[in-house]
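Per the working numbering, numbering through the sequence shown is continuous, rising by one, with the last residue being 263. Structure first, commentary second.
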Amino acid sequence: MKYLSKVLCFVFFACAGMLSVAVNAVTFDTIRVYLHPKESSVASLSVFENEDKAQSCSVEVVPAVIDSLGYMQKATNESDNNVASLVRFAPKRFSLEPRANQKVKFVYRRRPNSKLGEFYGLIKLKCTDKKNMVMDDAAEQVNLSMVVAHHIPLVVRTNDVRETVTITHTELKENGIDSKIQTTGARAVTGRFEVTERASGALVTSTADMTIYPSVPEMSKFIPVPAGATPPFIVSFIENSSFGGELKTQKLVE
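Given below as structure tokens:
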């Protein structure tokens, strides 16, 4: 029975990567967690169960790198990234009852002789329906359902890092604005674009937050503009102060 249970667990977990399923049972309240010894030494992540299913969840922090497209990925070589040693968090395991929530607290951990700079990690949140947890012949819990894993970016800065941001290109198109933004420095920048009419000052549109990492310092962004808006426009990029900065830059587009 023990062997069969573990085989079934492997099959269901492997199939999770091949099925296209909309999983909304578990959600969370932030797009990333940011820690700094002065600005933000404590942060939290709230996890919500949105259906009538009790969940068994676990949390861990794994090192991450930025790929060539500017996306955070799990690191294959962990020797140069000590992000896990810079963070304490709790709880690491918890039960999530139907329609309930759980707050996970993250605390910056001061360590002697830590390297200066910015370090990246992924908060790996794994949850599974508790109804599908069974006991095998060895009295061990075995999961017979798909394990749903969420990955939330983690950014830890051990010191203040200088950065600049510039909108290098804007071009008015039929349905929106082509733009390019460039950063200079050694830290990530998270923020949004806003478009306003120059004449009236009215806000035309804004985008969701995006993050630009120093290893991929230039990104392109098409900003849809609704019909009826009157050019010329002012395109602004505004850094989200919740993630360690207050940079702002603007460019006129006609």
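Glycine included, each C-beta is placed from N, C-alpha and C at the ideal position.
Classify residue i as buried or exposed, calling it buried when 16 or more other Cβ atoms lie within 10 Å of its own Cβ.
| i | result |
| --- | --- |
| Arg166 | buried |
| Thr193 | exposed |
| Val244 | buried |
| Asn249 | buried |
| Phe231 | exposed |
| Gly200 | buried |
| Gly210 | exposed |
| Ala236 | exposed |
| Gly254 | buried |
| Leu212 | exposed |
| Glu227 | exposed |
| Glu316 | Because the chain in this structure spans residues 10 to 263, residue 316 falls outside the shown range and cannot be described. |
| Ala208 | exposed |
| Glu172 | buried |
Would residue i and residue j be called neighbours here (beta carbons separated by less than 7 Å)?
| i | j | result |
| --- | --- | --- |
| Leu131 | Ala73 | yes |
| Leu46 | Tyr129 | Going by the sequence as given, residue 46 is Pro instead of Leu. No, the Cβ-Cβ distance between Pro46 and Tyr129 is not below 7 Å. |
| Ser99 | Lys114 | The amino acid at residue 99 is misidentified as Ser; the sequence shows Ala. Their beta carbons are under 7 Å apart, which means Ala99 touches Lys114 by this criterion. |
| Glu206 | Thr179 | no |
| Ile75 | Tyr222 | yes |
| Ala2 | Glu106 | Because the chain spans 10 through 263 in this model, residue 2 falls outside it and cannot be assessed. |
| Phe202 | Thr220 | no |
| Ala34 | Asn59 | yes |
Quick one: residues in its chain with C-beta nearer than 6 Å to the C-beta of residue i, no 5 flanking neighbours on either side, listed in chain order?
| i | result |
| --- | --- |
| Ile161 | Ile132 |
| Val262 | Thr179, Leu181, Ile186, Phe242 and Val244 |
| Asp61 | Pro107 |
| Leu95 | Arg118 and Val165 |
| Thr258 | Val174, Thr175, Ile176 and Phe246 |
| Arg97 | Val116 and Arg118 |
Write down the C-beta distance between residue i and residue j rounded to the nearest angstrom, noting that I regard them as a contact closer than 8 Å.
| i | j | result |
| --- | --- | --- |
| Tyr43 | Ser50 | In fact, because the Cβ distance is near 11 Å, the residues do not count as touching under 8 Å. |
| Asn110 | Val170 | So it is not a contact: roughly 33 Å between Cβ atoms. |
| Phe246 | Ile190 | 6 Å |
| Val204 | Leu256 | About 18 Å separates the two Cβ atoms, so there is no contact after all. |
| Lys260 | Ile176 | 4 Å |
| Asn184 | Val234 | 7 Å |
Please list, in chain order, all residues of the same chain as residue i whose beta carbon is under 8 Å from its beta carbon, the five residues on each side excluded.
| i | result |
| --- | --- |
| Ser77 | Val225 |
Hey, is the segment 54-70 in contact with the segment 119-133, meaning 3+ C-beta pairs nearer than 8 Å? Result yes; three or more Cβ-Cβ pairs closer than 8 Å.
Could you tell me whether the segment 76-86 touches the segment 109-124, where touching means 3 or more Cβ pairs closer than 8 Å? no
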